[in-house]
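The listed protein sequences derive, respectively, from chains A and B.
Heads up, my numbering is the position in the first sequence plus 1, with the first residue counted as 1.
The numbers in my numbering rise by one with no breaks, and the one at position 81 of the second sequence is 71.
Note that the Cβ used here is the ideal one computed from N, Cα and C, for glycine as well.
None of these values were measured; they are calculated from a predicted model.
Right, one structure below, let's go through it.
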Amino acid sequence: MIERMLNTRLAGWIDERTNAVSFIRYHLIDYPTPKSLNYWWAFGSIALVILIIQIVTGLFLAMNYKASTVATGGGFTVAFDSVERIMRDVNYGWLIRYMHAVGASSFFFVIYLHMARGIYYGSYKGPREVLWLIGVALFLIMQSTVFFGYLLPWGQLSYWGATVITNIFGATPVIGPWLTELVRGGFSVGDPTLTRFFALHFLFPLVLFAIVILHVLALHKTHSNNPTGVEQKSKKSVIPFHPYYTVKDLFGIGVFLIIFAYFVFYNPTGFGYFMETDNFSPANPLHTPGDISPVWYLTPWYEILRMIPSKTGGILALNLAFILLFLLPWLDRSPVRAATYRPVFRQMVWLFFVAILVMGYCGHHPVTPVYNLIGRIAGGVYFGFFLLLPFVHKFENPKPLPEEEGA
Amino acid sequence: MRQTVMTVTRPIVFVAILVCAVLSTKIASAVEATSSLKQAHINLDKKTINKGLQVFTDVCMGCHSARYLTYHDLMDYPMFGLTRKEAQDLSGGQPLTAAMMSSLPPEAAKQSFGVAPPDLSIIAKAREGKGDYIYSLLTGYGHDPKGNIPDGNYNEYFPGHRIAMPDPLGWLNRDASDTDSLKEQARDVASFLVYISDPHQIERHAIGKWVMIFLVVLTLVFYLLKRAVWKDVKH
């Protein structure tokens, strides 16, 4: 059916003037994809679906949300009230908001798996370095987007979370205090902070979407990696994207949507992980909640920040953690991609994943000597992974690689 | 083929175990935090919620408000179903679109009790333990074993045990014959507060069932489609 649509005279007429039809044909239909991709390769498509869900639900939320900290009595504000209006009075507002909140957490869950896939199978290695760089950049933009969004309901954790994170800028040498004030639009988090965060929270997903297109273009230039890590370019080892991967991805998306719908309809606060209990109390600048911890998907990075006793040191460590992620393609010198064929790297990479989970676990809990110690060990593993990576290929004996399929 | 199956399933099993481990510690800590709470047996049926509304307007609204609930909502929300006459009686001459606000000004409350009574519209969502917490609090007044906190301000379930709210249901001075009816009142009003904290939850569960069924069938169709399309692809 699609084939027939693309062959009509109208399609031909449009294509002569825009190249649009050829573009669709190249990227969504004929694009040669390795036969051997497993379901770990479905998370890219799933992430795109979530991004679209977030943009659409976010648009409808923005139509009803009011970014203002004007007090409405009893400690409540216009912003907090407008969110409750969405939950109660806007038709299906509860559905839209819960989809958006659950969507944020699912987005990170899926992106973490997507990145883990890329690291495990060495998808970041040449010639896909730029693809990887764009991906890490997307991840950072995503983190800032969610940080801006979390302030909007103007609950206790919105307010105090934003206060803690914007405080970080204060540790920048020389310009620190000036920078904090600039980000907040005042001496403390307040109305100007809320309005600018709202504006940025609206803008960033659109930027994200534009960069996702670059990500896909870079992918389609270098083509998908595969579970063997051996380039699959012969005619016999690839199949066209449509219908093979459109249906396979649809199945993956279906499985994702079942889990997504379970949370939206039956467990929208995600055991207190997606929407934290304290954030249903309106922001109170005079009363600090007992335990300010960021939402689960930011906790590994929060742990890096606080495991160094000095504030400036913590920020340097956090920056280094992300810079190392960017540098991954150049730190890893082994010519073999997939961890499957790299006995040493394989152990390292699992340790690395576990370290991130442990950091996240510790970052979620209040600082105690035990959590601090465990968090630091995990942090050591995180940085140790990157430190060791440039030397692994010297003593590692990769297993024999399979031949290209069908070659 | 076997090899690829292994390399796919092993990481999935691994990640699943980790996720379960993290979730179980979270649930365990939530259980720990709330296990000391009494079980309220929250009941979101019409009768219980309306009895809870009665307790709320008779007792709680002396000091507390529900700013997100209007008298008109009592007619509109399916679990209340009040007639216009009943809603008007409760509103005491205010327009039906008015929010259910306590007649006690917050400043006066603060002078009497030391703190302004919190609004109760979403209190059930804003406290760990939700309905169980409210129920436990209302039936948690007692004597301080250390003797530091005077009766009426000692509550077993309040963080720090010193609560500004005076025993609203008269739990402390109950007769043996009152106990069951007070427990029922506490349960009714806890159910009411759970309901108004998220008034679309019953509708949400009802719709959710059909969404889940639809998605499972759709995904099954996708799976069969995938199998059919990939039938001739040799690995």
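Write down the C-beta distance between residue i and residue j rounded to the nearest angstrom, noting that I regard them as a contact closer than 8 Å.
| i | j | result |
| --- | --- | --- |
| VAL208 (chain A) | PHE327 (chain A) | Actually they do not touch by this definition, with Cβ atoms about 18 Å apart. |
| LEU153 (chain A) | ALA163 (chain A) | About 10 Å; that fails the 8 Å criterion. |
| PHE261 (chain A) | VAL103 (chain A) | 6 Å |
| ASN65 (chain A) | ARG89 (chain A) | That pair is no contact at about 11 Å. |
| PHE346 (chain A) | GLU397 (chain A) | 7 Å |
| TYR123 (chain B) | TRP161 (chain B) | That belief does not hold up - the Cβ atoms of TYR123 (chain B) and TRP161 (chain B) are roughly 15 Å apart, past 8 Å. |
| PRO399 (chain A) | VAL350 (chain A) | The Cβ separation is near 14 Å, so there is no contact. |
| TRP43 (chain B) | PHE70 (chain B) | For the record, residue 43 (chain B) in the displayed sequence is Leu; it is not Trp. With a Cβ gap of about 7 Å, LEU43 (chain B) and PHE70 (chain B) count as contacting. |
| ALA106 (chain B) | ALA99 (chain B) | 6 Å |
| GLY121 (chain B) | VAL184 (chain B) | 4 Å |
| LEU317 (chain A) | PHE387 (chain A) | That belief does not hold up - the Cβ atoms of LEU317 (chain A) and PHE387 (chain A) are roughly 15 Å apart, past 8 Å. |
| GLU304 (chain A) | GLY376 (chain A) | 5 Å |
| LEU64 (chain B) | LEU72 (chain B) | 4 Å |
| PRO35 (chain A) | GLN233 (chain A) | 4 Å |
| THR9 (chain A) | PRO128 (chain A) | Their Cβ separation, rounded to whole angstroms, is 37 Å, which puts THR9 (chain A) and PRO128 (chain A) out of contact at 8 Å. |
| VAL131 (chain A) | ALA219 (chain A) | 5 Å |
Can you check whether the CB of residue j is closer than 8 Å to the CB of residue i?
| i | j | result |
| --- | --- | --- |
| TRP133 (chain A) | LEU390 (chain A) | no |
| HIS31 (chain B) | ARG177 (chain B) | yes |
| MET308 (chain A) | GLY380 (chain A) | yes |
| LEU228 (chain B) | VAL248 (chain A) | Missing from the structure shown is residue 228 (chain B); chain B here goes from -9 to 225 and no further. |
| LEU306 (chain A) | LEU319 (chain A) | yes |
| LYS28 (chain B) | SER181 (chain B) | no |
| VAL57 (chain A) | LEU139 (chain A) | no |
| ALA116 (chain B) | PHE281 (chain A) | yes |
| VAL393 (chain A) | PHE353 (chain A) | no |
| PHE266 (chain A) | ILE197 (chain B) | yes |
| ARG185 (chain A) | THR173 (chain A) | no |
| PRO244 (chain A) | ASN39 (chain A) | no |
| ALA420 (chain A) | GLY230 (chain A) | Nothing about residue 420 (chain A) can be read from this structure; chain A reaches only from 2 to 408. |
| ALA63 (chain A) | PHE149 (chain A) | no |
| ALA154 (chain B) | PHE103 (chain B) | yes |
| ARG152 (chain B) | GLY75 (chain A) | no |
| ALA77 (chain B) | TYR61 (chain B) | yes |
| PRO178 (chain A) | GLY187 (chain A) | no |
| ILE259 (chain A) | MET91 (chain B) | no |
| VAL147 (chain A) | ILE293 (chain A) | no |
Identify, in the order they occur along the chain, each residue of the same chain with its Cβ nearer than 6 Å to the Cβ of residue i, setting aside the five sequence neighbours on each side.
| i | result |
| --- | --- |
| ASP31 (chain A) | PRO241 |
| PRO33 (chain A) | VAL239 |
| GLY361 (chain A) | THR300 and PRO301 |
| ALA356 (chain A) | ALA379, VAL382 and TYR383 |
| HIS366 (chain A) | TYR372 |
| ARG(-8) (chain B) | Unreliable placement is indicated for ARG(-8) (chain B), whose pLDDT of 47 sits below 50; no coordinate value is reported for it. |
Go through its chain and collect everything with a Cβ distance to residue i's Cβ below 8 Å, but skip five positions before and after it.
| i | result |
| --- | --- |
| ALA80 (chain A) | TYR66, LYS67, ALA68, SER69, THR70, LEU153, PRO154, TRP155 and LEU195 |
| MET143 (chain A) | PHE108, PHE109, ILE112 and LEU209 |
| TYR160 (chain A) | LEU152, VAL190, ALA284, ASN285 and PRO286 |
| LEU215 (chain A) | ILE135 |
| VAL217 (chain A) | HIS28 |
| LEU52 (chain A) | PHE108, PRO206, LEU209, PHE210 and VAL213 |
| THR181 (chain A) | THR167, ASN168, PHE170 and GLY171 |
| THR129 (chain B) | LYS28, LEU159, TRP161, LEU172, LYS173 and ALA176 |
| GLN55 (chain A) | HIS101, GLY104, ALA105, PHE108 and PRO206 |
Spatial neighbours of residue i within its chain, please: C-beta separation below 7 Å, excluding the five flanking residues on both sides.
| i | result |
| --- | --- |
| GLY59 (chain A) | HIS101 and PRO206 |
| ASN20 (chain A) | none |
| VAL371 (chain A) | none |
| LEU94 (chain B) | GLY52 and CYS53 |
| MET(-4) (chain B) | With a pLDDT of 48 at MET(-4) (chain B), under the threshold of 50, the modelled position of this residue cannot be trusted; read the value that follows with caution. There are no such residues. |
| ASP222 (chain B) | none |
| PRO290 (chain A) | GLN157, LEU158, TRP161 and ASP279 |
| HIS115 (chain A) | PHE44, GLY45 and ALA48 |
| GLN175 (chain B) | VAL45 and LEU159 |
| LEU208 (chain B) | none |
| VAL91 (chain A) | ASN65 |
Strictly under 8 Å for the Cβ-Cβ distance: is residue i near chain C by that measure?
| i | result |
| --- | --- |
| VAL184 (chain B) | Reference to chain C is not applicable here, since the protein chains of this structure are A and B. |
Using a Cβ distance threshold of 8 Å, determine whether the region 180 to 194 of chain B contacts the region 107 to 117 of chain B, with at least three qualifying pairs required. yes
Could you tell me which uninterrupted alpha helix (DSSP H) segments, each at least 4 residues in length, are contained entirely in the region 22 to 89 of chain B, listed from first to last along the chain? 36 to 48, 63 to 66 and 74 to 81
Decide if the region 293 to 304 of chain A is in contact with the region 104 to 115 of chain A; the criterion is three or more beta carbon pairs, one per stretch, under 8 Å apart. yes
Go through the region 153 to 238 of chain A residue by residue and report every complete run of the alpha helix (DSSP H) that reaches 4 residues or more, in order. 157 to 170, 177 to 185 and 192 to 223
Contact between the region 39 to 52 of chain A and the region 246 to 253 of chain A is defined here as three or more beta-carbon pairs at a separation below 8 Å; is this criterion met? yes
Three or more C-beta pairs closer than 8 Å, one from the region 135 to 145 of chain B and one from the region 79 to 92 of chain B: is that the case here? no
If you scan the region 15 to 79 of chain A from start to end, which runs of the alpha helix (DSSP H) of 4 or more residues do you find wholly inside it? 21 to 25 and 44 to 65
Which runs of the alpha helix (DSSP H) fall wholly inside the region 85 to 142 of chain B and span at least 4 residues, in chain order? 96 to 103, 113 to 116 and 120 to 128
Entirely enclosed alpha helix (DSSP H) segments - the region 327 to 405 of chain A, minimum 4 residues: 344 to 364 and 370 to 396
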